[in-house]
Amino acid sequence: MKIQRATPFNELLAKLIFLILPTSLVAYFLIWNASQYYSIIGDHNTGLLSFLPPVTNMTLQLTLFITAGMAGGALFYSFRFRFLPTILLLSAALYILYKGLDNLATGEFDAFFISVQFLVFTLLFCAGWIVGWAFIRIRYFPVFISVALLTGCILLIAKAKTDSVLSLMESFAPALIYAVYIIFTSGQIYSFKDKSQKFWLFLTRRLVLFAALAALLLAAVYYKMEGEIEETVANYGGAGKNGKNSMLKEQKDGTFDLEDYTKLQGALGRNNELLFCAHIDNYFPDTEIPNPLYLTAFYYTKFDTLTETFERDSTLPMNDLFTPDPSKLPLFFTQTDSSVIRNSMGPKLRKTVEIEVYSKRLSPSTYLAPHTGFFVQPIAVEKDFRNEFKSAFRAKGYVSELNSAYFVYNAKDDAIRLFQQQRFDVLRKADGYERMDRQFMSYYTYMPGDAKFRNIANLANKVTASAKTPVDKVLAIRDWFLSKDENGEPLFKYTDNPGVPDIPSASKLSYFLFENRKGYCAYYAGATLFMLRALGIPSRIAVGFLTTDRSDKNKGWYWYYADQAHAWVQVYFPGYGWLDFDTTVGNSDAQESPQPDGTPPMQPPRAWLAADGIVLSVDTLERLMKLQVRHMVFHDKEYKLAQPVTMELDMQIAAIKRDSMEVPLASVEKGEQATAVSYAEAFKNMKAGNDPQKLIASFPHPAPIDEVYLKKKDIAKQQEKTKQETTTSPTDWKKVGYALLLIAIICVLLFLLLPALVYTWYYLRHRNAQGNNKLYWGYRLVSFYLHQSGIYRDRLTPMKYAREVVDPRFGTNFSGFMNIYLKYKYARQPLTSQEQETATSFVSRFIPKVRSQISWGHRLKAFMQPFRTLRFFGSANEEQGPT
11 MKIQRATPFN
21 ELLAKLIFLI
31 LPTSLVAYFL
41 IWNASQYYSI
51 IGDHNTGLLS
61 FLPPVTNMTL
71 QLTLFITAGM
81 AGGALFYSFR
91 FRFLPTILLL
101 SAALYILYKG
111 LDNLATGEFD
121 AFFISVQFLV
131 FTLLFCAGWI
141 VGWAFIRIRY
151 FPVFISVALL
161 TGCILLIAKA
171 KTDSVLSLME
181 SFAPALIYAV
191 YIIFTSGQIY
201 SFKDKSQKFW
211 LFLTRRLVLF
221 AALAALLLAA
231 VYYKMEGEIE
241 ETVANYGGAG
251 KNGKNSMLKE
261 QKDGTFDLED
271 YTKLQGALGR
281 NNELLFCAHI
291 DNYFPDTEIP
301 NPLYLTAFYY
311 TKFDTLTETF
321 ERDSTLPMND
331 LFTPDPSKLP
341 LFFTQTDSSV
351 IRNSMGPKLR
361 KTVEIEVYSK
371 RLSPSTYLAP
381 HTGFFVQPIA
391 VEKDFRNEFK
401 SAFRAKGYVS
411 ELNSAYFVYN
421 AKDDAIRLFQ
431 QQRFDVLRKA
441 DGYERMDRQF
451 MSYYTYMPGD
461 AKFRNIANLA
471 NKVTASAKTP
481 VDKVLAIRDW
491 FLSKDENGEP
501 LFKYTDNPGV
511 PDIPSASKLS
521 YFLFENRKGY
531 CAYYAGATLF
541 MLRALGIPSR
551 IAVGFLTTDR
561 SDKNKGWYWY
571 YADQAHAWVQ
581 VYFPGYGWLD
591 FDTTVGNSDA
601 QESPQPDGTP
611 PMQPPRAWLA
621 ADGIVLSVDT
631 LERLMKLQVR
641 HMVFHDKEYK
651 LAQPVTMELD
661 MQIAAIKRDS
671 MEVPLASVEK
681 GEQATAVSYA
691 EAFKNMKAGN
701 DPQKLIASFP
711 HPAPIDEVYL
721 KKKDIAKQQE
731 KTKQETTTSP
741 TDWKKVGYAL
751 LLIAIICVLL
761 FLLLPALVYT
771 WYYLRHRNAQ
781 GNNKLYWGYR
791 LVSFYLHQSG
801 IYRDRLTPMK
811 YAREVVDPRF
821 GTNFSGFMNI
831 YLKYKYARQP
841 LTSQEQETAT
851 SFVSRFIPKV
861 RSQISWGHRL
871 KAFMQPFRTL
881 RFFGSANEEQ
891 GPT
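Under our numbering, the first residue of the sequence shown is numbered 11, with each subsequent residue one higher.
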């Protein structure tokens, strides 16, 4: 008896090429990824493909097993065989072979490996066989397999802990494209009934278009959303991007600056690159023992509960933050803000500490100072060190004597802990918060009302139950982080990869405090912040750099690497101001230098005079220069002259620099902007006065100058302009509402105009069509016009619809046009000249005749119904276009 095919040969071939072959490629991709995470039993050195590398060899072998099963199953079930009996027979035959393999091997281990490899082959071949059957017999199987493979790919990505955007795209894109492709292609194969040569052209054209569109969409997603994807990868991938630190951002010029926000992430990258070195002029009294201080840039005082992000706030009550841009100031000129000293509200045990910062890869616009900075002065880098350090500045900070880094460290050293007790004994005598400003207390003790923060408050009360004073409560929290569990192991640990909760929407902060108990500085600072605020103790997070004294050779010098970017808590004590408390448990990586600290740069002599102005004249013979001065600094005191004063400068020993290059005096041009600097002893003993005119008159004539810095003319003009602070405009919700309303109105109008747009599209296609294509587009145009006018075809054939519905109602010859159209479409016979004339002129005669018999109001109402248009494309009227 002859067995008949259940599937036409062309359809079988199409499924083998366009469905099963891509499935084999995706299977290879998934097996290869799985082999990176799971061990696969098998001998890599034997087999037909042993010449390939071991992993590829095994991956390709396993893929061939599946492919053979899919191809065999598809070919077998393209005939009218039943599935269940045949799959049972196949399984029984393979099982008998599996049991009989023991007789083929001479050794015990050979038998084991042969049987295991055959078992793997059997399982994969049978799985492929079932997939091949399903592709042939089950219409919606592609939906199932696409979901299954996509799920498997996601699980493998999660196990592999992808750590970059590119690797995520490489791991996920093939499965995603396959999922869309397999559903799209199987639908095209099923729906196109004509399996002649036209079918192959149609399918190939559609797939080429699909491939191009998929590539464009993936590229657009990659380039448009790379930042968001990268952040998500860093958050959930389990390993931060190498060198990527969530507290630092890399600028376009390759330097680093501190982020204005930090988000609690599942991973924090490490970068041990040297950013800057600093000299801190702070020593223990009557000794040469350095007393290190943390360097502060700014504060985080706001917390976004949705994204768990700590942020800066420009509306601080009693704002004690000084944020100048050193790169915007002329060399040796100063900027001071004494209001921050007053707003720090801590006059007790205070002193001024001066530092010098030499930047290697720290952004020149970043300002750092110990504690409360209030002064900045850009300074020159000595010539021999300019290749390493690009810029430098002096800074002064209003520092509490209780803020030594040795007071702040969570050190295990008994001597340091004993030294810290001196600080705590003083702070136990501090006044309470009863007389503090209400707005200040409300701001710095604010707690969100979420349930997770109530849990943190309960924990804080439990941990500090026996503490009486604010400082003892701070210490109780610090000691809790440093405590040990019942097994003698640390309760909390430092890690750069704390991971994320199993539930994506769960709080990372709560996960850190109550479950994982592993994190980096932002976790410890954030947890401490909310525990203190829950106790009514004003607190905030300081951001800057951890300072560690690692060198005995260059006392007072400290070297700062990227992994020393740090966040810690500041607590306010009445009378003593804001004091640093670092509750982060020991992180030896940040305290140990990744390389020996280098040689510190030579500190330039103190610049007694810096005068900024316009060059009036240059005398190269006498080496004199006249400068029209409007602005100067003398003994760190700044003067702005109401009327410019001409100074004659002695240039005998002066070094003249333009754009960091030393130039001769003869190159200086009249009209150039210049800054003249003097380290001369003649100015050292002079006292700064209040009247700049009298002061300049008392200067030596000509004034001895050591350095002159010439500026580019365009930069000079920019610096003469008034400096304007960049502020973020508040969101105008009214404008947002109007914009959304306008967008909604446009969308509604476009939707209402959909029938007219579709009609215009068909009309233009018909008008521009050539030859017999006019028949197709004429048929589409007429069919759409009738459907939109409410004259539906329903389940009638096109000829019956024309003859029994349209022609009797309107007195047209639609059936005659349909005869010509169907003759061309199915018989493929050439049209006579009369038929061509009828086809060409039919639309121009038909539509006006129908329009004349339908009222204007009815037509307007009909063409304002977009849902009727959508039904047209889902009805029997929708047919394939011309080839």
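Just so you know, even glycine gets a beta-carbon here, dropped at the ideal spot from N, CA and C.
Three-state secondary structure (DSSP) of E672 | Along the sequence shown, one-based indexing puts residue 672 at 662. E672 falls in the strand class under three-state DSSP.
For G248, is the classification buried or exposed, using 16 other Cβ atoms within 10 angstroms of its Cβ as the cut-off for buried?
-> Counting from one through the sequence shown, the residue named residue 248 turns up at place 238. Confidence in G248 is poor, its pLDDT being 44 and thus under 50, which makes the residue's placement unreliable; the coordinate value appears in the next sentence. Classification for G248: buried.
Rounded distance between the beta-carbons of Y456 and R371, thought under 8 Å = Taking the first residue of the sequence shown as position 1, residue 371 is located at position 361. Taking the first residue of the sequence shown as position 1, residue 456 is located at position 446. About 36 Å; that fails the 8 Å criterion.
Given that a residue counts as buried once 16 or more other Cβ atoms are within 10 Å of its Cβ, and exposed if not, what is M612?
-> The residue you call residue 612 lines up with position 602 of the sequence shown. Label assigned to M612: exposed.
Is the beta carbon of L537 less than 8 Å from the beta carbon of F524?
-> Working through the sequence shown from its first residue, we reach residue 537 at position 527. Working through the sequence shown from its first residue, we reach residue 524 at position 514. Contrary to the premise, residue 537 reads as Ala rather than Leu in this sequence. Their beta carbons are not under 8 Å apart, which means A537 does not touch F524 by this criterion.
So, do the segment 784-796 and the segment 757-774 have three or more beta carbon pairs nearer to each other than 8 Å?
-> The segment 784-796 vs the segment 757-774: in contact.
Of the residues E321, G383, N292, which one's Cα is nearest the Cα of I351?
-> Against the sequence shown, residue 351 aligns to sequence position 341. With distances taken between Cα atoms, I351 lies closest to G383.
Quickly, what does DSSP pair K312 with across the bridge? List them, please.
-> Working through the sequence shown from its first residue, we reach residue 312 at position 302. For K312, DSSP records a beta bridge to E321.
E366 in three-state terms, based on DSSP | As a position in the sequence shown, residue 366 is number 356, starting the count at 1. E366: strand per DSSP, three-state reduction.
Comparing alpha-carbon positions, which option in E21, L339, R869 lies nearest K147?
-> Mapped onto the sequence shown, residue 147 falls at position 137. The question names Lys, but residue 147 is Arg in the sequence shown. For R147, the closest of E21, L339, R869 by C-alpha to C-alpha distance is E21.
How close, in whole Å, do the beta carbons of L258 and A572 come, if the pair is a contact with beta carbons under 8 Å?
-> For the purposes of this step, residue 258 is taken as residue 248 along the sequence shown, with counting starting at 1. For the purposes of this step, residue 572 is taken as residue 562 along the sequence shown, with counting starting at 1. L258 to A572, Cβ: 6 Å. Contact.
May I have the straight-line CA-CA distance separating I706 from E679, to the nearest angstrom?
-> For the purposes of this step, residue 706 is taken as residue 696 along the sequence shown, with counting starting at 1. For the purposes of this step, residue 679 is taken as residue 669 along the sequence shown, with counting starting at 1. One C-alpha to the other measures close to 24 Å.
Any beta-carbon of chain D closer than 8 Å to the one on M642?
-> Protein chain content of the structure displayed is limited to a single chain, and chain D is not contained in it.
Range of the contiguous beta strand (DSSP E) that encloses Y831 = Counting from one through the sequence shown, the residue named residue 831 turns up at place 821. Boundaries for Y831: no beta strand (DSSP E) harbours it, while the alpha helix (DSSP H) harbouring it runs 824-832, taken from the DSSP string.
Given that a residue counts as buried once 16 or more other Cβ atoms are within 10 Å of its Cβ, and exposed if not, what is T325?
-> Position 315 of the sequence shown holds residue 325. Per the 10 Å Cβ criterion, exposed.
Beta carbon of G407, beta carbon of P380: below 8 Å?
-> Working through the sequence shown from its first residue, we reach residue 407 at position 397. Working through the sequence shown from its first residue, we reach residue 380 at position 370. For G407 and P380, yes; Cβs fall inside 8 Å.
If you draw a straight line from the alpha carbon of F220 to that of G800, how long is it in whole angstroms?
-> Taking the first residue of the sequence shown as position 1, residue 220 is located at position 210. Taking the first residue of the sequence shown as position 1, residue 800 is located at position 790. Distance between the alpha carbons of F220 and G800: 35 Å.
Rounded Cβ spacing between A618 and A690 (contact assumed at less than 8 Å) | In the sequence shown, the residue the question calls residue 618 occupies position 608. In the sequence shown, the residue the question calls residue 690 occupies position 680. In the sequence on display, residue 618 carries Trp and not Ala. Contact flag correct, Cβ pair sits at about 7 Å.
Which residue spans inside the segment 509-582 form an unbroken beta strand (DSSP E) run of at least 3?
-> Here the runs fully enclosed are 549-555, 567-571.
Among G699, S34, D660, which residue has its Cα nearest to the Cα of D716?
-> Here the question's residue 716 lines up with position 706 in the sequence shown. D716 has its Cα closest to that of D660, out of G699, S34, D660.
Where does D669 land, buried or exposed, given buried means 16+ other C-beta within 10 angstroms?
-> Walking along the sequence shown from the start, residue 669 turns up at place 659. That one is exposed.
Skipping 5 residues on each side, what residues in its chain have a beta carbon closer than 7 Å to that of A664?
-> Taking the first residue of the sequence shown as position 1, residue 664 is located at position 654. Contacts found: I715, D716, E717, V718.
So the alpha helix (DSSP H) G110 belongs to, where does it begin and stop?
-> Numbered from 1 along the sequence shown, position 100 holds the residue referred to as residue 110. For G110, the enclosing alpha helix (DSSP H) covers residues 93-110.
Would you check if the distance between the CB atom of Y453 and the CB atom of V595 is smaller than 8 Å?
-> Counting from 1 along the sequence shown, the entry for residue 453 is found at position 443. Counting from 1 along the sequence shown, the entry for residue 595 is found at position 585. Cβ distance not < 8 Å, so Y453 and V595 don't count as in contact.
Same chain only: Cβ atoms within 7 Å of A726, ignoring 5 sequence neighbours per side = Looking up residue 726 in the sequence shown gives position 716. Residue placement at A726 is poorly supported in this model, since its pLDDT is 40, which falls under 50; the coordinates still yield a value, given next. Only Q683 meet the Cβ criterion.
Got a sec? Which residues, its chain only, sit under 8 Å from Q728 by beta carbon, not counting five neighbours each side?
-> Residue 728 sits at position 718 when you count from the first residue of the sequence shown. The predicted position of Q728 is uncertain, since its pLDDT is 44 and thus under 50; a value taken from the coordinates is nonetheless stated next. Excluding positions up to five away in sequence, the list is empty.
Of the listed residues F128, F429, A189, nearest to Y150 (C-alpha basis) | Within the sequence shown, the letter at position 140 stands for residue 150. Nearest of F128, F429, A189 to Y150, Cα basis: A189.
Cβ shell of P710 (< 7 Å), same chain only, five flanking positions each side left out | Residue 710 sits at position 700 when you count from the first residue of the sequence shown. Residues of the same chain with a CB within less than 7 Å of the CB of P710, apart from the 5 flanking positions on each side, are A692 in chain order.
Are the beta-carbon atoms belonging to F86 and L213 less than 8 Å from one another?
-> The residue given as residue 86 occupies position 76 in the sequence shown. The residue given as residue 213 occupies position 203 in the sequence shown. Not in contact: F86 and L213 (Cβ atoms no closer than 8 Å).
Identify the residues that DSSP records as bridge partners of D660: which are they?
-> Position 650 of the sequence shown holds residue 660. DSSP output for D660 lists L634, P714 as bridge partner(s).
Would the segment 646-653 and the segment 582-592 be scored as touching if the rule is three or more Cβ pairs under 8 Å?
-> Touching, no, given that fewer than three Cβ pairs across the two stretches are closer than 8 Å.
Whole-angstrom distance between E658 and E632, CA atom to CA atom = To locate residue 632, count along the sequence shown from 1; it is residue 622. To locate residue 658, count along the sequence shown from 1; it is residue 648. If I take the Cα positions, the gap works out to 12 Å.
Taking the alpha carbon of R527 as the point to measure from, which residue in K494, R550, L545, T557 has its own alpha carbon closest?
-> Position 517 of the sequence shown, counted from the start, is the residue given in the question as residue 527. When K494, R550, L545, T557 are compared, the shortest CA-CA separation from R527 is found for K494.
For the beta strand (DSSP E) that H776 lies in, which residues bound it at each end?
-> The sequence position of residue 776 within the sequence shown is 766, counting from 1. Here H776 belongs to no beta strand (DSSP E); instead the alpha helix (DSSP H) covers 764-778.
Determine contact between the segment 352-372 and the segment 397-404, defined as no fewer than three beta-carbon pairs at a distance below 8 Å.
-> Inter-segment contact for the segment 352-372 and the segment 397-404 is present: three or more beta-carbon pairs are separated by less than 8 Å.
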